[in-house]
Amino acid sequence: MKGEFMAAQKKLGEDFDCINIPGTKAVVVTVDSWGFLNTNNADTAKAQEDFAKLDVDPKLNADFVLKKGASPVRTDADTTNLDACNKLVLETLKDPTKQVSNPFNMADADWYRTIWQEADKYWSDPKRTDDEFVQAMQDAYDQIF
488 MKGEFMAAQK KLGEDFDCIN IPGTKAVVVT VDSWGFLNTN NADTAKAQED FAKLDVDPKL
548 NADFVLKKGA SPVRTDADTT NLDACNKLVL ETLKDPTKQV SNPFNMADAD WYRTIWQEAD
608 KYWSDPKRTD DEFVQAMQDA YDQIF
């Protein structure tokens, strides 16, 4: 919601504030993440690794979240310039009992794994057709469910 309020030119502390809902037992927080598909190309693999190292660098992560309005994924990122909402998230998450698993991974584990495996095969093999990918997903669905 904070992003929506900010897009509407609302000001934190003036037009809205951030609190944990009274009685909150846990918070659901999503973080930026990147998924890289397997590759047989050494240059591509190196570029992916270099990007990942930059993305999780504490200084760069702190700078990025300030521009985005998000909370850092690194617990050692500089939080000096974060707003009250982001500081509340990080403070709340210090308590392990307030953390929950990613709500987007609610799918069956076999299905979730299959999606990544088949996508990896599709993107790694330029000869693999869309129809082959769809058929593999349909076959997997029938087998899993």
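Heads up: the sequence shown at position 128 corresponds to 615 in this note's numbering, and the numbers run straight through without jumps.
Glycine is no exception: its CB is placed at the ideal position from the N, C-alpha and C atoms.
Reduced DSSP category for residue i - H, G, I as helix; E, B as strand; rest coil
i, result
"GLN633", "Any answer about residue 633 is impossible in this case: the structure gives the chain only from 488 up to 632."
"GLN604", "helix"
"PHE538", "helix"
"PHE503", "strand"
"GLN586", "strand"
"VAL514", "strand"
"PRO509", "coil"
"ALA529", "helix"
"MET493", "helix"
"LYS546", "helix"
"LEU656", "The requested residue 656 is not part of the displayed model; the chain covers only 488 to 632."
"ALA596", "helix"
"TRP521", "coil"
Whether residue i touches residue j by CB criterion (8 Å)
i, j, result
"LYS585", "ALA539", "no"
"TRP521", "ASP542", "yes"
"ASP607", "LEU553", "no"
"VAL516", "LEU580", "yes"
"ALA627", "THR601", "yes"
"LYS587", "SER558", "The sequence as given places Val at residue 587; Lys does not occur at that position. Not closer than 8 Å, so no."
"SER611", "THR526", "yes"
"MET493", "GLY556", "yes"
Burial state of residue i (16 or more Cβ within 10 Å)
i, result
"THR567", "exposed"
"ALA495", "exposed"
"ASN548", "buried"
"GLU605", "buried"
Contact belief for residue i with residue j at Cβ below 8 Å, rounded distance in angstroms
i, j, result
"ASP582", "ILE631", "ASP582 to ILE631, Cβ: 36 Å. No contact."
Contact with chain C by residue i, beta-carbon distance below 8 Å
i, result
"TYR599", "In summary, chain C is missing from the structure at hand, where a single protein chain is found."
Looking at C-beta atoms only, is the number of pairs between the region 492 to 508 and the region 558 to 577 that lie closer than 8 Å three or more? yes
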